[in-house]
Every structure is written in C-alpha cells, then in structure tokens.
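These protein sequence lines map, in sequence, to chains A and B.
If you're matching positions, the first sequence starts at 1 in this note's numbering and goes up one per residue.
If you're matching positions, the second sequence starts at 1001 in this note's numbering and goes up one per residue.
Glycine included, C-beta positions come from ideal geometry on N, C-alpha and C.
A short worksheet on the structure shown next.
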Amino acid sequence: MSKKYWFFLLLIAAAFLSSCSEKRQPSIPENISFAATVNIKDMTISFVDLAKKELVAEWIMEKPYTGALILPDNDSILLYGKQLKTADLYSLKGGKLLDSWETGEGIVNGILLDTNEIAFADQNINKIRLFNLNGEEEKQIETERDPLTLLESGEENKLFVLSFNHEKLGIIDLESKAKSGEFTIHPSAAGAWLNEKSGEIWIGGHGEGIEIEQNIHVYDAETGELKKKIPAASMPINFLGQANYVYVLSHGSNMLYKLNESGEETASVSIAANPFEMAFVNNTLLVAGYDSNDLHILEQENLKTLKNIKVGEGPFKIVIRESVK
Amino acid sequence: MKFLTNSLAKKMWLTVTAAIIITILYSYFLSYLFYEKIYVENVRGSLLTEGRSLASEYQGGALTEDLREKIDWYNSKSETEVFIVSNPRELSACLPFEIDYQTLIGEAEREELLKGSPVEKLGYEKRFDRKIMGVIIPLLDDNRLQGIIYLYVPLAKISEITQDFAYLWIAAAMIFTVISILLGTMLVKKLTKPLLDMKDAAEHVSKGHYDIHLNIDSKDEIGQLANAFNHMSSSIQKEDEKKKDFLANVSHELRTPISYVKGYSEALISEMVKSEDDRKKYLQLILRESRRMERLVGDLLDLSRLESDEYKLEKMPLPLGQLIEDAIEKYKPILHEKGLDLHYHLDPDVIINGDEGRIEQVIQNIIDNSIRYTAKGRISIRLYQEKDKCLIDIEDTGIGISEEHLSKIKQRFYRVNKGRTRSDGGTGLGLAIAEKLVKIHQGELTVLSELNKGTTVKIMLPLFEIS
C-alpha cells in the first residue's frame, strides 16, 4: 500500500472518529436572558439575547428536533422531535449533551407542569407520558388519538389535551394522573387558552379539509358546550393570555390579534410570514415567522414592532430563559 | 437456424434486414424522444410566459376578488387550465402540523416558491388524477406566499399529438422497410451471383477441365477474385500443358539413345557385325548413348532437386575469377581441337558468396553450349564489377538464336531446330539448370543473341558483402 493511500485512510478514520466524538456547541453564558427558536428546516437552534435584541449563538444540530423545554435548573434544555427515539438534554453553558431520555418516537409536544414534571404528548402510542426531571418515566395516561396541544390548569390541577385529527378534548386529572373526562370539539384543533375566571376554554385550529378556520371556538371548560365563536381570520393556532388580554396568532393570514376577555379586538397587526409560535417576555411579545425565518419583538401594549431579528430557517418553537443572576 | 445460416446470401440478407430494422427502430425512438422533448419544452415555455404575465397582475397584499375573476375569465378563454389558489392549507402552510390532507403543493415546492422561483410539474398528479405538464407561479408579498397561479395541460393532449406522429412514422417506416428489404435482396443476389459462378467454375476445374473463363466485369473484391480465378485456371492449364510437353520431351529424348542401344546391341547379338573393328565401333556407340542417358537422367535429377524448396546451397566466399579460370583450363584441349580462339579478361578482386560446385556447373553449362554451337571464330569471357554486383559475359561467334526462339531458349528441352537430334551431345537441360542455379544465388541470367552472328550470355551475381 502506498504512503498516499495510508494518508487517506488516516483522514477517513479521523473524520469518522471525530463525527463519533461528542460535538460541542457554542456555550450560552448563564448571565444572559435569551429566547431560543427551534428551527425545523435547517435543524438549528438560534439564541437571541433579549437585552441586546440580537442573535448571539446558533447551534447546528444533527437531529430533526421540533420542540424544546428549559428545565428549572435554567441550564438544561430538553430537545425532542416526533421522528426521534430519544429526547436529548443539553447543557446551555457547557454546550454539550448531558443525557438522552429513551422516549421512543412520536413525541410531538411537551410542557413543564407546575409539579416540576414533564408531560409529553406521544402520537405513536396516543398517550400522555409523565417524566420526572431525571428522565424517568412515571406514568402513561390514556388519552384521545393524536394528542397535540397541551394546556395546564394550575387552579384545578387538570391537563387539557387536544386531539388534532379526532375532534376530541380530553381532560386529565393531575392528582390522580388519570383521564377524568372528554368532550367533542371542532376538527383540526390547535392552540388553546383557558380562562379560569369564566371557566371558558378558547380553541383555535386550521380548519378541516379545504375549509379554512376563521374563528376561535369558545367552549365551557366543564360541560364542553360551544358558547360562541370569535372571528380571528384565518387559522388561529396560538394563544397567550396576560392581564385581561388574549393574544391570538393566525398563521393563515399572518395576523396577530389582541382581544379582551370577551373576545373584542383591541389591536391587530399583520406580522411575519406564516407565524406559528409566540412567547411573552417581560413586557414584550415574541413572534416567530416560519417562512420569513425571523423573530419579531413587539410591544405588548400596542403591538408595535420593536425589532425584527433573522434566525435559522423554519422557527417552530420558542423557549425563554430568564438570566440566572 | 441452420437453414438460415447455411449460405452466404442468406447471412448477408439477414444482416442487411436486421440492420435496416434496427436503424428504423432506433431512429423512431430517438426522433420520438426529441419530438416529445421539444414539444414538452415548448409547452413548458409557453406556460411559464403565460403564468408570469398573469402573475404580473398581482399587486401585493391579500388576493383580491378582482384578480380571481380575471384569472377565471382567462381560464375560460384559454386552452390551458389556469387557477389561482390562496388557501394556506393548499399551499402547505400548516405542514409542520402534519395535517391529514393532500395539499396542492409539497414542502419542497413551497420552499422553491418562497424563494420566488416557479415550480414545474411533469407526470401524474393525484389531485387531478391524470398526467399533466404544469407550472406553478408564486404570488409573493415580500416573503409571504399569498397565493399561487397554477397552469397545466393534460399530458394526454401531448401524447395525442405524438400519437399522430407515431402513426405517420409507422406507415412511412413500413414502406421504407419493404422497399429497402427488396432492394437489399436484389443487391445481395447481385453480390453473391459471381461467387456461385466461381463455385461452379472451381468444380469444373477440379474435374480436370481447365478451359474455363469467368465473365465478371465488376472491379470490386469479387471481380478481383474472379480475375485471380481466371488467371489461376489459365496458369494451371499452362502448367498442365508444360507437364505434358515435358513428359513427351523426356520420353522423346530417352527414346533416341534407347533405340540406338537396342539396335546396336541386337546387331551385335545376331552377329550381323563381322569385323572386330565394327563390333568395337558399335560397342562405343552403345557406350556413348548410355552416357548420354546417364547425363540426361542426372540433369533431370538436378533440375527436380532445384525446383523443390529443400535444395541447400553450401555457400562460402568465392574468388570468382579464379574459379572461372580453373574451368577454362579444362576446355583448352577441346577448344584447341575445334580451332576456336579463347579470350578472357577476369577481374581478380571479385568475390561472391556462393556454392563452389554449383557456380562451376553454371559456367560449364554455358561454355559447353558456346563451344557446341560455335563452329569457328572465338569465345570471349569477361568478369567485371558494377556497383554491388558482378557480371560474367560469355560471348561466342556461333550460329546465334533468332528472336522468336530467344524467349523460350531457357525452357527445358527447348530446341531451336526441332528436327535436329542430339547429335551434339546436349541434354537440352543445361541452360534451364544454369538459370535456376543463378536464381537461387539471387542473381540473373540473360541471353542476348543475333542469328548467325553469335550469342552472349550475361550472368549477374551479387557481390560478397563484408559486414
């Protein structure tokens, strides 16, 4: 074998070994507050410093993550995706993989409950799965098929689960960790907001088939009775409530509505391209444009855009971490 | 299969036919492919132009009812199917949610459209349940995909056109095939007929009839072969005649001495000869004729050995002048006896690479002839060099040979005067043997002569090369 050949073999071996070794991502300092977007199209995570309002880091991932959670220690970020066999825990400061939780494929959504447990919606086995912070699975709860949107009611200690394709809303009692009820809702439901004061649950959606959803459906959280429809064209799929106002994001028309609790519009703005996700931070509102690959920072009061920051391609999920110090 | 390949004509016919059919099929598929490609390319181009010009009507923002009406109106007038879509669902805007719905455009296409580039479709589309050639033009408002204009033509229309083309082609191809196979058959027949003729002729020759002549006027390889065949058969014929002549000559040459021997020995046995002198004379005659026969048989043996390829020369460098001088020495008594003068001028430096005995035989045969046919006058011998050759001229003032006989003089048993017997003692083979020997020494023997004036024999031999 010639020397040249050996050299190539060595190169290949080196490349192989380095790809196997643990990849280190840029470190995210503890002292900054950031909003991170999980970008589907280019498999990256973009970190935006909220104080400076600029992109500070980008993690290039090797797996198609679709969602993320920041754990209470404020340094661990848990990444999951429907096609992935594991949910991966990364250290933000260390920029490296800490742990992989054997969840199996099918995880489409996850939220951190008040009890410091993590609830995952698993569409493969159609169950809600509760994990503790060490990654140990505590309970699997039967629910409707194709669970997607998860909504926690802290007061009533309940978890609302919206089925995406099967027109059902399931209610899980977090005390007993078992299904306690269900009622029928409209098809292709996505996004919900719980008004605990009035016992209403607002649910959006994409619309069925060729139909485009134009309204928010308001149901009685106890009985499941459809109380009214609030127009919010088109395809309202994300809700955030704060201080007597509900912010509604409609991706079909790229509209952001600010409604009062009775459903009257107090402000609206056309924003981004195909926005799916929004988040609150301090007095601002963040909206991610899935097609425009950007993160808009708006004033909560009047929906005025403060800044528009380019992020990775296809931002689908926003997670916020407040600075530790 | 054997039936098809047992004759050259059939093989050629098969080859020609196969070549024609393959060519036609190949050109059909190729032109069909080009035709379709050009046609589809053309349709694609016009769809793109149409779509772009329609898209220029879009002014930004949400799609207006006015624009929809314009597109609908255009659709009703145009051959192309045109429609406008703004439903985000159809445009795969909800894609990450994996909605159970067959969208009009896919994820990758949406990405292309978001970049502002049109998307082309060719093939089966589930939505229309048919094969189409389509173009999708994005309607972009900044980076928002507000809608698309979808233009398509069913591929059936295209294949209808190519079908017409195919029918026309098949008809033309069939006519062409028939004509070219007919022409091919004729051509094959024309090509192979001379071969058949030749086969018959060869059979004729093998039966011993050499008088055949093929009448083939073509100048190609087959014509050349026929010419060669004619040449061969006439050569065989000539050779056959020569053989017959030779046998006749040999028997004739042998018959004379045999009849002498027979007659004289009979006379002796029957005691017709009384005197001792006559008896002695008869016995001497018998001895002479026996010697002649011995010489004749010896020469014939030499000749047949020379003609076979096995004849080996024992070559060595020879001083030719010395060799000739030694030979002349032997003839001096007989020359003196006949009263002939001898002149010779020999270059002593000439050295050749040759077989001593054989070269001597050549010189002897020529000098024998000169002495035999020269009654008075002289014989002169010259040896000289010319470039890388040497030449021996043996000239006499004998009876000479007329022009008509000169060309045949080197043939075996050839006699200028047919009526003459071999009273001169020659076998009629000397010159033939000499010429053969010179030839196998890479030399040349020529005879120049004038009737009643004399004969000159020129022998050219290559000089010995000192390498």
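With 16 as the cutoff for other CB atoms within 10 Å, does residue i come out buried or exposed?
i, result
"P275 of chain A", "buried"
"L1198 of chain B", "It is Met, not Leu, that sits at residue 1198 of chain B in the sequence shown. Buried, since its Cβ has 16 or more Cβ neighbours within 10 Å."
"W6 of chain A", "exposed"
"S1449 of chain B", "buried"
"Q1442 of chain B", "exposed"
"Y1167 of chain B", "exposed"
"G1060 of chain B", "exposed"
"C20 of chain A", "At C20 of chain A the pLDDT is 45, less than 50, meaning the model places this residue with poor confidence; the figure from the coordinates comes in the next sentence. Per the 10 Å Cβ criterion, exposed."
"R1412 of chain B", "buried"
"T266 of chain A", "exposed"
"A272 of chain A", "buried"
"E222 of chain A", "exposed"
"V218 of chain A", "buried"
"L194 of chain A", "buried"
"I1038 of chain B", "exposed"
"M1 of chain A", "Interpretation of M1 of chain A is limited by its pLDDT of 48, a score under 50 that renders its predicted location unreliable; the figure taken from the coordinates is listed afterwards. Exposed is the call here."
"G170 of chain A", "buried"
"M1174 of chain B", "exposed"
Which residue's Cα is closest to the Cα of residue i: the options?
i, options, result
"P236 of chain A", "A:I212, A:E54 and A:M43", "A:I212"
"F47 of chain A", "A:I77, A:K63, A:K41 and A:K23", "A:I77"
"I70 of chain A", "A:Y257, A:L113 and A:L55", "A:L113"
"D1217 of chain B", "B:L1025, B:L1225 and B:H1336", "B:L1225"
"H296 of chain A", "A:S262, A:D49, A:K23 and A:D146", "A:D49"
"T1456 of chain B", "B:I1379, B:P1348, B:P1462 and B:S1233", "B:I1379"
"K1008 of chain B", "B:S1053, B:Y1032 and B:L1187", "Per the sequence presented here, residue 1008 of chain B reads as Leu, with Lys not at that position. Nearest option by C-alpha distance: B:L1187."
"D42 of chain A", "A:H166, A:L148, A:V311 and A:I320", "A:V311"
"H1343 of chain B", "B:D1129, B:I1394 and B:G1428", "B:I1394"
"L1451 of chain B", "B:I1258, B:G1400 and B:E1069", "B:G1400"
"K168 of chain A", "A:E144, A:L148 and A:A178", "A:E144"
"D294 of chain A", "A:L97, A:S253 and A:I309", "A:I309"
"R1288 of chain B", "B:I1258, B:I1084 and B:L1268", "B:I1258"
"D326 of chain A", "A:L133, A:L92, A:F164 and A:I172", "This structure leaves residue 326 of chain A out entirely; chain A is present only between 1 and 325."
"S234 of chain A", "B:A1062, B:E1057, B:I1466 and B:Y1058", "B:A1062"
"M255 of chain A", "A:L9, A:I111 and A:E277", "A:E277"
"A57 of chain A", "A:E152, A:N31, A:D75 and A:Q25", "A:Q25"
"G289 of chain A", "B:I1105, B:Q1102, B:K1207 and B:L1145", "B:L1145"
"I32 of chain A", "A:P231, A:A189 and A:K93", "A:K93"
Let me check one thing: in DSSP terms, what residues is residue i bridge-paired to?
i, result
"W202 of chain A", "A:W193 and A:V218"
"S153 of chain A", "A:K158"
"D1302 of chain B", "In the DSSP output, where bridge partners are listed per residue, D1302 of chain B has none listed."
"L1346 of chain B", "B:L1383"
"T1017 of chain B", "T1017 of chain B is not bridged to any residue."
"N109 of chain A", "A:A121"
"E1395 of chain B", "B:S1380 and B:T1456"
"F34 of chain A", "A:D49 and A:R321"
"R1130 of chain B", "B:E1125"
"G1321 of chain B", "Answer is none; G1321 of chain B lacks a bridge partner."
"T1446 of chain B", "B:K1458"
Leaving out five residues on either side along the sequence, give the residues of the same chain with a beta carbon under 6 Å from the beta carbon of residue i.
i, result
"G1051 of chain B", "V1135, I1137, I1149 and L1151"
"L174 of chain A", "N157 and L159"
"I12 of chain A", "none"
"I1236 of chain B", "Y1210"
Residues in its own chain within less than 8 Å of residue i by CB, not counting five upstream and five downstream?
i, result
"D99 of chain A", "D88, L89 and G135"
"T66 of chain A", "V38, I40, Y80, G81, K82, V108, F316 and K317"
"L1323 of chain B", "E1356, I1359, E1360 and I1363"
"R1415 of chain B", "G1428"
"S1153 of chain B", "Ser is not the amino acid found at residue 1153 of chain B; the sequence shown has Val there. Around V1153 of chain B: V1043, L1047, E1079, T1080, E1081, I1132, M1133 and G1134."
"P72 of chain A", "L112, N116 and L133"
Spatial neighbours of residue i within its chain, please: CB distance less than 7 Å, with the 5 preceding and 5 following residues excluded, ordered by chain position.
i, result
"E105 of chain A", "K82, Q83, L84, K85 and N124"
"G1454 of chain B", "E1395, D1396, T1397, G1398 and G1400"
Is residue i near the ligand GDP, judged by its Cβ being under 7 Å from some heavy atom?
i, result
"K1281 of chain B", "The ligand GDP is not part of the structure shown, which contains no ligands of any sort."
Can we say the segment 1122 to 1134 of chain B touches the segment 246 to 255 of chain A, given the rule of at least three CB pairs closer than 8 Å?
no
Could you tell me whether the segment 1273 to 1286 of chain B touches the segment 1397 to 1413 of chain B, using the rule of 3 or more Cβ pairs below 8 Å?
no
Pair every Cβ in the segment 1292 to 1309 of chain B with every Cβ in the segment 1336 to 1356 of chain B, then say whether three or more of these pairs are closer than 8 Å.
no
Closer than 8 Å is the cut-off here; do at least three beta carbon pairs connect the segment 1383 to 1391 of chain B with the segment 1353 to 1365 of chain B?
no
Given 8 Å, three or more beta-carbon pairs between the segment 1287 to 1306 of chain B and the segment 1323 to 1339 of chain B
no
Taking contact to mean at least 3 C-beta pairs separated by less than 8 Å, is the segment 276 to 295 of chain A in contact with the segment 1009 to 1023 of chain B?
no
Sufficient close CB pairs (3 or more, under 8 Å) joining the segment 1083 to 1099 of chain B to the segment 197 to 206 of chain A:
yes
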